[in-house]
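**Student:**
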Amino acid sequence: MQTPEVVVFDLGKVLLDFDYDIAIRRFAERSDVGIDKVRELINSSVQYDYESGKITTDEFFSYVRNGAGFQGGLSEFVDFFSDIFSPMEMMLNFFKRVKKAGLPICVFSNTNEIAIQYISKQYSFYDDFDFYVLSFQEKGMKPDEPIYRVVEKKTMKSGEAILYIDDRLENIETGNRLGWQTVLQNDEVCSIAKAEKLLGI
């Protein structure tokens, strides 16, 4: 097995933890409906549409506001759904070691405009990626194969030359089918140890 030539990181639950319930609780306090209804709205197909770039932030906000009777404006909504992240320090330290070793690094995430605008301002590591493949910009979602091909095109690598770290099995499985080397992130210590072994660092 060859040594990987690029490392592809998912973002949420790999480098940054997140908790949507923080936002849902705050949103419900300013709405006509309870937490369960807000959660149902957020977890509906509209979230997929938002993260796959089919609808804008304004359209996403309008849908959720109207469904919940939210009493605030867009800026308050953005604040609620931004401040839900926390750093995964062990993985971020590993990320820094990979960068220091001189390996190209790609972020590959199902995400949205609100999240990325916040993360890019709050977390300096975000500027250290060499390549960015984000679902809402590419108008495609993991685990569908086409967006994986975008990673290959941008990094100019394929197969075993790619090491891919993600927390969702279905996303990892697509990478496996394409011949990528993969690490399923469910324990930081184990994930880092496996990745270091594959990279030889």
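So for the sequence shown, my numbering puts the first residue at 1; every next one is plus one. All C-beta atoms in this analysis are idealised placements derived from N, C-alpha and C, irrespective of residue type, glycine included.
With 16 as the cutoff for other CB atoms within 10 Å, does Asp-21 come out buried or exposed?
**Tutor:** One-based indexing of the sequence shown puts residue 21 at position 21. Burial call: exposed.
**Student:** For Pro-146, name the three-state secondary structure that DSSP assigns.
**Tutor:** Here residue 146 refers to the residue found at position 146 when the sequence shown is read from its first residue. In the structure shown, Pro-146 sits in a helix (DSSP, three-state: H, G or I).
**Student:** Is Val-7 helix, strand or coil when you go by DSSP?
**Tutor:** Looking up residue 7 in the sequence shown gives position 7. In the structure shown, Val-7 sits in a strand (DSSP, three-state: E or B).
**Student:** Can you tell me the Cα-Cα spacing of Val-150 and Phe-85, whole angstroms?
**Tutor:** Start at 1 with the first residue of the sequence shown, and residue 150 comes out as number 150. Start at 1 with the first residue of the sequence shown, and residue 85 comes out as number 85. Rounded to the nearest angstrom, the two C-alpha atoms are 26 Å apart.
**Student:** When DSSP builds the beta bridges, which residues end up paired with Asp-17?
**Tutor:** Taking the sequence shown and counting its residues from 1, the one referred to as residue 17 is at position 17. Partner(s): Ser-86.
**Student:** Arg-30 and Gln-71: beta carbons closer than 8 Å?
**Tutor:** Position 30 of the sequence shown, counted from the first residue, corresponds to residue 30. Position 71 of the sequence shown, counted from the first residue, corresponds to residue 71. Cβ atoms of Arg-30 and Gln-71: closer than 8 Å.
**Student:** Given that a residue counts as buried once 16 or more other Cβ atoms are within 10 Å of its Cβ, and exposed if not, what is Ile-201?
**Tutor:** Locating residue 201 in the sequence shown gives position 201, counting from the first residue. The residue in question, Ile-201, is exposed, as its Cβ has fewer than 16 Cβ neighbours within 10 Å.
**Student:** For Gly-67, I'd like the list of residues in its chain whose CB is within less than 7 Å of its CB, leaving aside the five on either flank, ordered along the chain.
**Tutor:** As a first step, residue 67 is located in the sequence shown; it is residue number 67 there, counting from the start. Around Gly-67: Leu-41.
**Student:** Under the DSSP definition of a beta bridge, which residues are partnered with Cys-106?
**Tutor:** On the sequence shown, position 106 is the one that residue 106 refers to. Partner(s): Val-8 and Phe-131.
**Student:** What does DSSP give as the partner residues of Asp-79 in its beta bridges?
**Tutor:** One-based indexing of the sequence shown puts residue 79 at position 79. DSSP output for Asp-79 lists no bridge partner at all.
**Student:** According to DSSP, Leu-198 sits in a beta bridge with which residue or residues?
**Tutor:** Walking along the sequence shown from the start, residue 198 turns up at place 198. Answer is none; Leu-198 lacks a bridge partner.
**Student:** Kindly indicate which three-state DSSP category Val-183 falls into: helix, strand or coil?
**Tutor:** Your numbering for residue 183 matches position 183 in the sequence shown. Strand, per DSSP.
**Student:** So the alpha helix (DSSP H) Tyr-126 belongs to, where does it begin and stop?
**Tutor:** Counting from one through the sequence shown, the residue named residue 126 turns up at place 126. Unbroken run through Tyr-126: none, as it is neither H nor E.
**Student:** If you count every other CB in all the chains shown that lies within 10 Å of the CB of Arg-26, and 16 or more means buried, which is it?
**Tutor:** Here residue 26 refers to the residue found at position 26 of the sequence shown. With 16 or more other Cβ atoms within 10 Å, it is buried.
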